[in-house]
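In this text, residue positions in the sequence shown follow my numbering: the first is 200, and each later residue adds one. What follows is a single structure, written as structure tokens, with notes after it.
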Amino acid sequence: MAEYDLRGEAVVRLGPDYAVAARALPGGAEVIGFLRQENGEWTAQQLASSELAGPNGVQMVSYGGETGEEWNTFVYGVAAREVSRVVLEGRLGEGGQVIGGAWVVALRERDLGPRDIHWRFLSARGGVLASGSGITP
């Protein structure tokens with residue numbers, strides 16, 4: 200995590216040996232996957248990276264076919280300072296907490312497209328600050 204300058208609360212544990220985290224980049228965001236190897240060491244790999252315009256940006260990567268993976272879709276982005284959490288309507292996923300201006304939600308479903316994603320940006324009190332569908336440029 201130190202290599203990517205990530206705070207601990209940015210990490211979304213998806214199992215004992217797998218986690219993901221999002222981090223804000225100048226003009227965008229990226230998702231990093233962490234996998235524990237058999238020797239107990241953790242390795243990191245960039246899963247996605249996108250340029251995002253505006254204060255609340257949404258992107259996604261979704262793997263199709265027989266991936267053999269439990270987690271196949273990652274919806275992620277950046278959020279304005281007043282946003283505390285991002286939720287995906289009608290989807291059971293893990294994550295969504297905004298940390299350092301970035302967020303990620305991991306889903307088990309494969310081969311999802313932008314039309315399948317309906318999101319809400321929430322304040323710390325649960326109020327809807329923005330909502331919409333799909334990805335943003």
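Cβ coordinates follow ideal geometry from the N, Cα and C atoms, glycine included.
Is it true that the CB of residue j sits closer than 8 angstroms to the CB of residue i?
{"i": "Leu251", "j": "Gly276", "result": "yes"}
{"i": "Thr272", "j": "Leu311", "result": "yes"}
{"i": "Arg212", "j": "Ile298", "result": "no"}
{"i": "Ser332", "j": "Arg314", "result": "yes"}
{"i": "Val274", "j": "Val286", "result": "no"}
{"i": "His317", "j": "Glu288", "result": "yes"}
{"i": "Gln296", "j": "Glu208", "result": "yes"}
Roughly how many angstroms separate the alpha carbons of residue i and residue j, rounded to a whole number?
{"i": "Pro336", "j": "Gln236", "result": "36 angstroms"}
{"i": "Ile231", "j": "Gly264", "result": "22 angstroms"}
{"i": "Arg280", "j": "Gly300", "result": "7 angstroms"}
{"i": "Arg290", "j": "Leu306", "result": "8 angstroms"}
{"i": "Val304", "j": "Gly239", "result": "25 angstroms"}
{"i": "Gln244", "j": "Val327", "result": "33 angstroms"}
{"i": "Thr242", "j": "Val219", "result": "11 angstroms"}
{"i": "Val334", "j": "Glu268", "result": "The sequence given here has Ile at residue 334, not Val. For Ile334 and Glu268, the distance between alpha carbons rounds to 23 angstroms."}
{"i": "Pro254", "j": "Ser322", "result": "14 angstroms"}
{"i": "Val153", "j": "Arg324", "result": "Given a span of 200 to 336 for the chain in the structure shown, any question on residue 153 remains unanswerable."}
{"i": "Arg284", "j": "Ala278", "result": "9 angstroms"}
Closer than 6 angstroms by C-beta to residue i: which residues in its own chain qualify, once you throw out the five before and the five after it? Chain order, please.
{"i": "Ser330", "result": "Arg319"}
{"i": "Ser249", "result": "Gly227 and Gln258"}
{"i": "Val260", "result": "Ala247 and Phe273"}
Which residues does DSSP pair with residue i in a beta bridge?
{"i": "Ile231", "result": "Ala220 and Gln245"}
{"i": "Gly276", "result": "Val257 and Trp302"}
{"i": "Val282", "result": "Paired residue(s): none; Val282 is not in a bridge."}
{"i": "Val210", "result": "Ala220"}
{"i": "Leu321", "result": "Arg284 and Val327"}
{"i": "Glu293", "result": "Ala305"}
{"i": "Glu250", "result": "Gly227"}
Please return the same chain residues whose Cβ sits closer than 8 angstroms to the Cβ of residue i, not counting the five positions on each side in sequence.
{"i": "Thr266", "result": "Arg309"}
Enumerate in chain order the residues of its own chain whose CB-to-CB distance from residue i is below 7 angstroms, with the five nearest sequence positions on each side excluded.
{"i": "Tyr203", "result": "Arg222, Ile231 and Ala243"}
Contact check, residue i vs residue j under 8 angstroms by CB: the rounded distance?
{"i": "Ala262", "j": "Leu234", "result": "Correcting the residue type first, residue 262 is Tyr in the shown sequence and not Ala. Going by Cβ atoms, the distance from Tyr262 to Leu234 rounds to 15 angstroms, so no, they are not a contact pair."}
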